[in-house]
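**Student:** Dumping the structure here so I can ask a few things about it.
This is how it looks when you write it as structure tokens:
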């Protein structure tokens with residue numbers, strides 16, 4: 187194994203060890219560890235040629251998220267956006283610190299942090315690819331569960347959520363989602379198709 191490959195493997199091990207501490211379980215695994223692995227799996231399916239920067243960024247997307255619970259911010263719309271913004275910074279800084287521990291220099295750490303902190307969506311290719319993978323994972327693995335937690339949402343509210351997700355995705359990701367690249371949540375397919383106008 188080359189030193190570059192060994193460095194990458196060290197970073198992944200450190201990311202996974204951090205996420206393995208999640209006390210919340212999903213399918214018998216630490217929730218954020220499972221999420222990180224689903225992100226890497228989706229990247230391999232959607233963009234197997236992705237750069238090392240993106241491979242690291244997708245694995246660190248939610249790193250140690252449980253340590254910054256939603257209720258640590260005001261339970262208002264403004265509080266929600268502040269929480270999300272704070273999380274982007276927290277995840278980026280956590281990933282950067284672990285990458286340094288794995289032996290990376292700032293020239294590699296900076297673009298990973300930029301992607302994880304969602305800087306330059308639509309203009310930064312790394313950030314856009316991370317966003318595409320995030321949205322594909324959400325649709326395939328989490329949208330149905332999210333719907334179950336929000337039975338009070340109206341159809342109009344759901345159409346708005348789906349459309350907002352769709353707008354954040356690249357044309358390539360949209361085509362991937364609707365051409366069998368992912369498994370759409372069966373009960374929500376009519377709603378998804380209505381939202382995206384197909």
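In the numbering used here, the protein residues as written are 187 to 384. Ideal placement from N, C-alpha and C gives every residue a C-beta, glycine not left out.
#1: Report back the beta-carbon spacing between residue 317 and residue 354 to the nearest angstrom; my notes put them in contact at under 8 Å.
#2: On the DSSP bridge assignment, give the partners of residue 216 in chain order.
#3: Roughly how many angstroms lie between the CA atoms of residue 285 and residue 301, to the nearest whole one?
#4: Can you name the start and end residues of the alpha helix (DSSP H) that residue 189 belongs to?
#5: Which class does residue 170 belong to by DSSP, given the choice of helix, strand or coil?
#6: Which ranges does the alpha helix (DSSP H) cover as unbroken runs of at least 4 residues, wholly within the region 333–363, from first to last along the chain?
#7: Assess contact between the region 238–257 and the region 196–203, defined as three or more Cβ pairs (one per stretch) separated by less than 8 Å. Is contact present?
#8: List the whole-angstrom C-beta distance separating residue 232 from residue 367, where the pair is believed to meet the contact cut-off of C-beta under 8 Å.
#9: Write down the C-beta distance between residue 345 and residue 288 rounded to the nearest angstrom, noting that I regard them as a contact closer than 8 Å.
**Tutor:** By the coordinates alone:
#1: 5 Å
#2: 211
#3: 14 Å
#4: 189–205
#5: This structure does not reach residue 170, given that the chain is present from 187 up to 384, and the question cannot be answered.
#6: 341–354
#7: yes
#8: 7 Å
#9: Separation of the CB atoms of residue 345 and residue 288 is rounded to 43 Å, and the pair is thereby denied contact status at 8 Å.
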